[in-house]
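Please read the structure below before turning to the comments.
In our numbering, the protein residues as written are 2 to 281.
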């Protein structure tokens, strides 16, 4: 009898709820803005968002009340010169190439809400407990700390210490965290911006140290996602073909959004069909 009652309340909790998972992928994650624009155009608000790395950052802005257009504006001024100035290179530290302090300060200046509990849309941020090699889900407390932990790509950004725990990028354990929506949402959208192919261009030279780190990390993320998809697929899974966009090329925002235009159109049509929406 208890199981029947439990299932009833669980099903009621999941009724008519949309979950959105925003994956990690560095600058490729700016593609998330395009799909958020589609939701805004259709006046659809997710019931919950989960995010890893750049997905956590954009998800936090959206959950705090930013529209997709406003999020785009926060990145619009980042041309190559201004973006380069945000990369506080650590010349003597052996913990990462980039300290990450300037990026965090910029994000903090834009973030409207500081604590998870105050967000209009619930958010879960994924990070990695480095020494225990396990996933950590942030869903309460300081949003800024959680996002800083989630973007700490090993070898690129310095890890962050919160309390007694050292955190690194969530992509190491869960680059597309739609599984954390399964118990609360009955329609799940997952946007995968990892593992995009690069054009061959005929080169056979060995990669640089940085290219080696980034490409290996991307391969690892793609493998994790492919294994998850074999176990449980989201209702809508989107993986744009973001060719020749590197992890730190945030100055390519306009190019990235142009690349995903067809994906946005397809996504919009799927949402209209699924929910019986009328277009103006």
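Each residue gets a CB set at the ideal place from its N, CA and C atoms; glycine is no exception.
Residues bridged to residue 128 [DSSP beta-bridge criterion]: Beta-bridge pairing links residue 128 to 137, 170.
- request: For residue 195, count neighbouring Cβ atoms within 10 angstroms of its own Cβ and tell me buried if that reaches 16, exposed if not.
  value: By the 10 Å Cβ count, residue 195 comes out buried.
query: Can residue 192 be considered in contact with the ligand NAD, in the sense that its beta carbon sits closer than 7 Å to one or more heavy atoms?
result: Inclusion of the ligand NAD in the displayed structure is not the case, the ligand content being empty and no account of it being possible.
First through last residue of the beta strand (DSSP E) which encompasses residue 51: The continuous beta strand (DSSP E) containing residue 51 extends over residues 49-53.
Three-way DSSP call (helix, strand, coil) for residue 89 in this model: Any reading at residue 89 needs caution, since the residue's pLDDT is 47, under 50, leaving its predicted position unreliable; the model's value is listed next. In this structure, residue 89 counts as coil in the three-state DSSP scheme.
task: Whole angstroms is fine: what's the gap from residue 76's alpha carbon to residue 26's?
output: The alpha-carbon atoms of residue 76 and residue 26 are separated by roughly 16 Å.
task: Give me the Cα-Cα distance between residue 22 and residue 177, rounded to the nearest whole angstrom.
output: Roughly 6 Å between the two C-alpha positions.
Environment of residue 133 [buried if 16+ CB atoms lie within 10 Å]: Residue burial annotation: residue 133 is exposed, with fewer than 16 other C-beta atoms found within 10 angstroms of its C-beta.
query: Given that a residue counts as buried once 16 or more other Cβ atoms are within 10 Å of its Cβ, and exposed if not, what is residue 239?
result: By the Cβ neighbour-count rule, residue 239 is buried, with 16 or more other Cβ atoms within 10 Å of its own.
query: Mind checking whether residue 53 and residue 142 have CB atoms under 8 Å apart?
result: No, they are not a contact pair.
- prompt: My guess is that residue 276 and residue 36 are in contact by the Cβ rule of under 8 Å, so how many angstroms apart are they, rounded?
  reply: Going by Cβ atoms, the distance from residue 276 to residue 36 rounds to 15 Å, so no, they are not a contact pair.
field: Reference residue 213; option with closest CA among 241, 188, 155, 167
entry: For the residues 241, 188, 155, 167, the minimum Cα distance to residue 213 belongs to 155.
message: Just verifying my parser: in three-state terms, what is the DSSP assignment at residue 116?
response: In the three-state scheme derived from DSSP, where H, G and I count as helix and E and B as strand, residue 116 is classed as strand.
- prompt: For the candidate residues 65, 192, 105, whose alpha-carbon lies nearest to that of residue 230?
  reply: Ranking the options by Cα distance to residue 230, first place goes to 192.
field: Residues that DSSP places opposite residue 143 in a beta bridge
entry: BP columns for residue 143 point to 116.
- request: Please confirm if residue 212 has its CB atom under 8 Å from at least one CB of chain D.
  value: Going by chain labels, chain D is absent from the structure shown, which holds only one protein chain.
- request: Could you spell out where the alpha helix (DSSP H) holding residue 35 opens and where it closes?
  value: If you look at residue 35, you'll find it in the alpha helix (DSSP H) that goes 32-42.
field: Range covered by the alpha helix (DSSP H) that runs through residue 23
entry: From DSSP, residue 23 is part of no alpha helix (DSSP H) but of the beta strand (DSSP E) over 19-23.
- prompt: Okay, do the region 58-70 and the region 155-167 touch, 3+ Cβ pairs below 8 Å being the bar?
  reply: Too few Cβ pairs lie closer than 8 Å, so no.
message: Quick check on this structure: which residue in 43, 48, 42 has the alpha carbon closest to the alpha carbon of residue 188?
response: Closest in alpha carbon position to residue 188, among 43, 48, 42, is 48.
- prompt: Which whole-angstrom value describes the C-beta separation of residue 152 and residue 221, a residue pair presumed to lie in contact below a C-beta threshold of 8 Å?
  reply: The pair is not a contact, with the Cβ atoms about 16 Å apart (cut-off 8 Å).
Where residue 67 sits in the DSSP three-state scheme: In this structure, residue 67 counts as coil in the three-state DSSP scheme.
task: Output yes or no for whether 8 Å exceeds the beta carbon distance between residue 69 and residue 46.
output: Their beta carbons are not under 8 Å apart, which means residue 69 does not touch residue 46 by this criterion.
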